[in-house]
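Chemist: One structure coming up, written as structure tokens, with questions to follow.
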């Protein structure tokens with residue numbers, strides 16, 4: 009494990025609260041990566057989870073999550089979209105609100121992009137429902 013700076017630790021702690029799991033195993037460099045890989049993941053993680061996500065004075069976490077879904081979907085970056093959808097659902101955004109965001113996105117970013125991205129949303133919705141069913145079965 010890499011020694012983390014206090015800011016990076018704070019970013020990872022924030023990420024875990026938002027995501028519901030530790031981000032460190034996904035961002036800590038692997039032995040095959042060059043020495044500066046840690047700099048990249050640290051800077052990107054701090055920027056997102058120390059600097060941007062905690063800014064809740066004007067945009068709450070729930071709204072920020074929905075904006076992030078819309079941005080990643082509009083850009084067509086599907087794997088990050090999957091993560092943003094999970095964050096949104098975990099932080100109180102409803103599936104119906106996500107669908108409305110896709111409707112709006114289709115108008116301004118294009119129907120084809122919206123359909124590609126919505127295919128990912130369908131998968132995450134099913135995953136979310138299955139996880140909820142499993143949690144209810146355990147109680």
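In this note's numbering, the protein residues as written are 9 to 147.
C-beta atoms are modelled at their ideal positions from N, C-alpha and C, and glycine is treated no differently.
None of the values given here were measured: they were computed from a predicted structure.
(1) Just confirm the distance between the C-beta atoms of residue 77 and residue 106, as a whole number of angstroms; I'd bet it's less than 8 Å.
(2) Closer than 6 Å by C-beta to residue 126: which residues in its own chain qualify, once you throw out the five before and the five after it? Chain order, please.
(3) Can you tell me whether residue 31 is helix, strand or coil according to DSSP?
(4) For a quick check, are the C-beta atoms of residue 19 and residue 54 less than 7 Å apart?
(5) List the whole-angstrom C-beta distance separating residue 13 from residue 35, where the pair is believed to meet the contact cut-off of C-beta under 8 Å.
(6) Helix, strand or coil: which one does DSSP assign to residue 22?
(7) When you compare only the Cα positions, how much space is there between residue 71 and residue 81?
(8) Flag this pair as yes or no: are the beta carbons of residue 128 and residue 86 separated by less than 7 Å?
(9) Return helix, strand or coil for residue 114, following the three-state DSSP convention.
(10) Can you tell me where the alpha helix (DSSP H) holding residue 79 begins and where it ends?
(11) Over what stretch of residues does the alpha helix (DSSP H) that includes residue 142 continue unbroken?
(12) Please work out which residues of its chain come closer than 6 Å, Cβ to Cβ, to residue 97, disregarding the five sequence neighbours upstream and downstream, and give them in chain order.
(13) I need the boundaries of the alpha helix (DSSP H) containing residue 90, first residue and last residue.
Modeler: Taking the geometry as given:
(1) To locate residue 77, count along the chain shown from 1; it is residue 69. To locate residue 106, count along the chain shown from 1; it is residue 98. Contact between residue 77 and residue 106 holds, with the beta-carbon distance rounding to 6 Å and staying under 8 Å.
(2) Translated into the one-based positions of the chain shown, residue 126 becomes position 118. So the qualifying residues of the chain are 110.
(3) Residue numbering aside, residue 31 sits at position 23 when the chain shown is read from its first letter. Residue 31: coil per DSSP, three-state reduction.
(4) The sequence position of residue 19 within the chain shown is 11, counting from 1. The sequence position of residue 54 within the chain shown is 46, counting from 1. With a cutoff of 7 Å on beta-carbon distance, residue 19 and residue 54 are scored as near each other.
(5) Within the chain shown, the letter at position 5 stands for residue 13. Within the chain shown, the letter at position 27 stands for residue 35. Beta-carbon to beta-carbon, residue 13 and residue 35 are separated by about 13 Å, too far to satisfy the 8 Å threshold.
(6) Start at 1 with the first residue of the chain shown, and residue 22 comes out as number 14. Three-state result, residue 22: helix.
(7) Taking the chain shown and counting its residues from 1, one reaches residue 71 at position 63. Taking the chain shown and counting its residues from 1, one reaches residue 81 at position 73. Note on geometry: alpha-carbon atoms of residue 71 and residue 81 lie some 15 Å from one another.
(8) Position 120 of the chain shown holds residue 128. Position 78 of the chain shown holds residue 86. Taking 7 Å as the Cβ cut-off, residue 128 and residue 86 qualify as a contacting pair.
(9) Residue mapping note: residue 114 aligns to position 106 of the chain shown, counting from 1. Correct three-state label for residue 114: helix.
(10) Here residue 79 corresponds to residue number 71 of the chain shown, with the count starting at 1. In this chain, the alpha helix (DSSP H) harbouring residue 79 covers 69–83.
(11) Along the chain shown, read from residue 1 onward, the residue named residue 142 stands at position 134. Bounds of the alpha helix (DSSP H) holding residue 142 are 119–146.
(12) In the chain shown, the residue the question calls residue 97 occupies position 89. When the five nearest sequence neighbours on each side are left out, the beta carbons in the same chain lying within less than 6 Å of the beta carbon of residue 97 are those of 136, in order along the chain.
(13) As a first step, residue 90 must be located in the chain shown, where it is residue number 82. Taken as a continuous stretch (DSSP letters only), the alpha helix (DSSP H) holding residue 90 covers 86–98.
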